[in-house]
Ligand SMILES: [Mg+2]
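Okay, structure coming up:
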């Protein structure tokens, strides 16, 4: 990565409306190149090897032209964190106006999980429900959950391993979507998904950018859902760009997570369940981190850049 690009680095801290993934502030790093801003925001605990893919995506966004786009707006799902307070959940639901599907985080406690799904169903009877267990379940736990949950659109990464997903698939007709099993793989092109999953989750940063994410979809020949990794509007917009670059998109995408942030560098409003792919200059007012955190990110970027050489 050249010094000129690194010199554009901004590191900001975005406050969140409620706790998600155990955090209340989301730190992200942004770099600017001839083609605009790129986001580098692996979660703080991620190792450099994994984070390097995120950097490849940021560099691609800043330094290469956008792909051909097939639509100007992308339909999104609402994202429901693994919370249990009905009033809080109700408030979150209303922050996703007009969406036609909700992705509910599950996997911590079966009773709470089913109650959470039922509450969302009650609040939004017309909406489709998909759930994401982040690989937390055994095959037996997944089967048990599916028995209790009623009709869902698909289940995202119910178990951690391909072997378990394949076993689960032999026991259920519910569609299964692969997420971690792909983006955490040392080589996602080498993963054999046959008989294990029906759909793929593509996240632009973890998969190393638009070009690589598209190549993965082509390689595995499965329908895709595009989602975000809790990013600023810059990262979300790059995810929207990936989503719009597919000629066929049969699912609502998980790109509405900006609604979980109390402050962002730009507003990408959900209108009638859709977000527009846009061009904007980020507004950093009051968001910059302290020098110590800036240095931490700067060093992290330099280490990851070494790995990309
Ligand atoms: Mg997931």
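Residue numbers (the working numbering): 29 to 337. Glycine is no exception: its CB is placed at the ideal position from the N, C-alpha and C atoms.
Given a length threshold of 4 residues, the segment 267-312 has no whole run of the alpha helix (DSSP H) inside it. Going by DSSP, residue 44 is part of no alpha helix (DSSP H) but of the beta strand (DSSP E) stretching over 38-48.
In this model, residue 98 and residue 253 are separated by some 16 angstroms (Cα to Cα).
Between the segment 55-69 and the segment 80-98 there are three or more inter-stretch CB-CB distances shorter than 8 angstroms, so the stretches are counted as touching. By alpha-carbon distance to residue 88, the top candidate from 44, 30 and 42 is 30.
Judged by the Cβ position, residue 78 fails to qualify as a neighbour of ligand 1 at the 7 angstroms threshold, every heavy atom of the ligand being at least this far. Residue 111 sits close to residue 46, with the two beta carbons spaced by under 8 angstroms. Inclusion of residue 207 and residue 233 in the CB contact set at 8 angstroms is not warranted, their separation being larger than that value.
In this structure, DSSP gives residue 228 an extended state, which the three-state scheme calls strand. Note: residue 129 is bridge-paired with 156 in the DSSP secondary-structure output. In this chain, residue 173 is not harboured by any beta strand (DSSP E); it is covered by the alpha helix (DSSP H) spanning 167-177. Residues 102, 283, 303 and 305 of the same chain have their beta carbon placed closer than 7 angstroms to that of residue 268, with the five preceding and five following residues left out of the count.
Boundaries of the beta strand (DSSP E) harbouring residue 54: 51-61, taken from the DSSP string. Sequence-distant Cβ neighbours of residue 133 in its own chain, meaning closer than 7 angstroms and more than five residues away, are 108, 109, 110 and 160. The C-beta separation of residue 264 from residue 296 comes to about 6 angstroms, placing the pair in contact by the 8 angstroms criterion.
With respect to residue 157, residue 180 sits close: the two C-beta atoms are nearer than 8 angstroms. Cβ contact annotation for residue 315 (same chain, cutoff 8 angstroms, sequence separation greater than five): 40, 41, 42, 291 and 293, in chain order.
The bridge partners DSSP lists for residue 316 are 40. Distances from the alpha-carbon of residue 322 to those of 213, 38, 34 and 33 put 38 closest.
In the assembly as shown, residue 223 is an exposed residue. Its beta-carbon has fewer than 16 other beta-carbons within 10 Å. Straight through space, the alpha carbons of residue 167 and residue 324 are spaced by roughly 40 angstroms. The nearest non-hydrogen atom of ligand 1 is less than 7 angstroms from the C-beta of residue 160. DSSP, read as helix, strand or coil, puts residue 255 in strand. Residue 266 holds the alpha-carbon nearest to the alpha-carbon of residue 94 among 298, 333 and 266.
Rounded to the nearest angstrom, the gap between the Cα atoms of residue 201 and residue 247 is 24 angstroms. Between ligand 1 and residue 233, a heavy atom-to-CB distance of less than 7 angstroms is absent.
The shortest C-alpha to C-alpha distance from residue 36 to any of 219, 262, 73 and 57 is the one to 57. In this structure residue 227 touches residue 250 by the C-beta definition: roughly 6 angstroms separates them, less than 8 angstroms. Between residue 177 and residue 280 the beta-carbon gap is near 19 angstroms, outside 8 angstroms, which marks them as no contact.
In the displayed model, residue 95 falls within coil according to three-state DSSP, outside both helix and strand. Remark: C-beta atoms of residue 190 and residue 204 do not approach each other more closely than 8 angstroms. With a beta-carbon spacing of about 13 angstroms, residue 105 and residue 123 fall beyond the 8 angstroms limit used to define contacts. Between the alpha carbons of residue 240 and residue 139 lies a distance of about 39 angstroms.
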